[in-house]
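Here the sequence shown stands for residues 1 to 293, numbered as in my numbering.
Virtual Cβ for every residue (Gly too), placed ideally from N, Cα, C.
Note that this is a predicted model, so its numbers are computed, not measured.
This report concerns only the one structure given below.
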Amino acid sequence: MDSSKKTVIVQILNAFAENGKGGNPAGVVLNADALSNKSKLEIAKKVGLSETAFVSQSKTEDFKLDFFTPKKQIAHCGHATVATFSYLKQIGTLKNDSSSKETIDGKRKIEIIGDLAFMEQLAPKYTDLSHKETLILKSLGLEKNDLLPKAPIQIVNTGNSFILVPIKNNEILKKLTPDFDLISEISDEFDLIGYYAFSTDTEYDATTRMFGPRYGILEESGTGMAAGPLGCYLFDILKMKQRSFQIQQGKYMKEPSQSLISVKLRIENGEIKSLMAGGKGILNRQMAIEIDI
1 MDSSKKTVIV
11 QILNAFAENG
21 KGGNPAGVVL
31 NADALSNKSK
41 LEIAKKVGLS
51 ETAFVSQSKT
61 EDFKLDFFTP
71 KKQIAHCGHA
81 TVATFSYLKQ
91 IGTLKNDSSS
101 KETIDGKRKI
111 EIIGDLAFME
121 QLAPKYTDLS
131 HKETLILKSL
141 GLEKNDLLPK
151 APIQIVNTGN
161 SFILVPIKNN
171 EILKKLTPDF
181 DLISEISDEF
191 DLIGYYAFST
201 DTEYDATTRM
211 FGPRYGILEE
221 SGTGMAAGPL
231 GCYLFDILKM
241 KQRSFQIQQG
251 KYMKEPSQSL
261 ISVKLRIENG
271 EIKSLMAGGK
281 GILNRQMAIE
291 IDI
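If you want it as structure tokens, here you go:
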């Protein structure tokens, strides 16, 4: 065996599976304490999924999680968190239904409800983008009348920033023609993970598409950190006064992989104080990755 090489086992789980199928695959690496950030990025590149979570010991929370795309580290990832805690529960490492994670952006609560794993997100912050509307429409191949009336395009942040684009109906959502170079430019300017285009013309509360080319994600099938902001938008902007939302994603991808994300808002005096976003994680397969040490 080459002593300059190390083999790392990566669990691949499909998070946010809808009716036991589809979902968004994420990599999960346990016992990652000895891995450097350089090694984590190398592993994430070789795994080739939108995000891989690395689990290590935390001095303040139950677990420390670091998230890497094939390009860079990010602060939070909803589907990789759901994948991780679903797996920890399945293998018996997670003993309780309440847990917590430490990240580079602080700590978050985790809840297990039945066979679903939920991650805490923060109260929403909204940023008006009316001055960029024409350029954003161009980046998706849209006209102004393709948008949902009286529903502004906005940046919403509950831990990560996404541009939310309200589309009039599912037919228009299905036929979007994203200009990934332009989306990347706009994402750089506003420090976004990406776009979350959505329609409420659906069997669920919303059907969505997420484009994150800045992070090497052309389109993703399930994005918990975007579904959280959308739940807040539906409540605050579209005045859908309910405390929980079911959000579908992945239906209109080139290779469909339908996901279902549950968002539960914590409301006090009519205001969102925090939220939990989650779903089901199903073990798909294992990968053995060899890296330099």
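- Of the residues ILE237, GLY48 and ILE104, the one whose Cα lies closest to the Cα of LEU65 is ILE104.
- Residue ILE43 holds the alpha-carbon nearest to the alpha-carbon of LYS5 among ASP33, VAL156 and ILE43.
- Residue environment: THR158 is assigned as buried (16 or more neighbouring CB atoms within 10 Å of its CB, all protein chains considered).
- With a 10 Å radius around the Cβ and a threshold of 16 neighbouring Cβ atoms, ARG285 comes out exposed.
- The beta carbon of LYS109 sits closer than 6 Å to the beta carbons of SER100 and GLU120 from its chain, once the five residues preceding and following it are set aside; these are given in chain order.
- Taking C-beta atoms as the reference points, ASN160 and SER199 fail to come closer than 8 Å.
- In this chain, ILE113 is not harboured by any alpha helix (DSSP H); it is covered by the beta strand (DSSP E) spanning 106-113.
- Counting only the Cα atoms, ALA117 lies some 9 Å from ALA15.
- When only Cα atoms are considered, ASP179 and ILE186 end up about 11 Å apart.
- Closest option to ALA32, judged by alpha-carbon separation, among ASN24, SER98 and PHE63: PHE63.
- The Cβ-Cβ distance between GLN246 and GLY222 does not fall below 8 Å.
- Annotated three-state conformation of MET225 is helix, per DSSP.
- In this chain, GLU61 is not harboured by any beta strand (DSSP E), its DSSP state being neither H nor E.
- In the DSSP annotation of this structure, the continuous segment of the beta strand (DSSP E) that includes ALA117 starts and ends at 116-122.
- In the DSSP assignment, LYS101 falls outside any alpha helix (DSSP H) and within the unbroken beta strand (DSSP E) covering 98-103.
- Taking a C-beta distance under 8 Å as the contact criterion, ILE112 and PHE162 do not qualify as a contact pair.
- Judged by DSSP secondary structure, GLY22 falls outside any beta strand (DSSP E); it is assigned neither H nor E.
- The residue among ILE172, ILE9 and LEU265 with its C-alpha nearest the C-alpha of LEU142 is ILE172.
- Within the same chain, Cβ atoms closer than 7 Å to the Cβ of LEU35 are found at PHE54, the five residues on either side in sequence being excluded.
- Beta-bridge partners of ILE167 (DSSP): LEU147.
- Under the three-state reduction of DSSP output, ASN37 falls in the helix class.
- A distance of 8 Å or more separates the beta carbons of MET253 and GLU203.
- It is roughly 5 Å from the alpha-carbon of LEU148 to the alpha-carbon of PRO166.
- Secondary structure at TYR204: coil, using DSSP grouped into helix, strand and coil.
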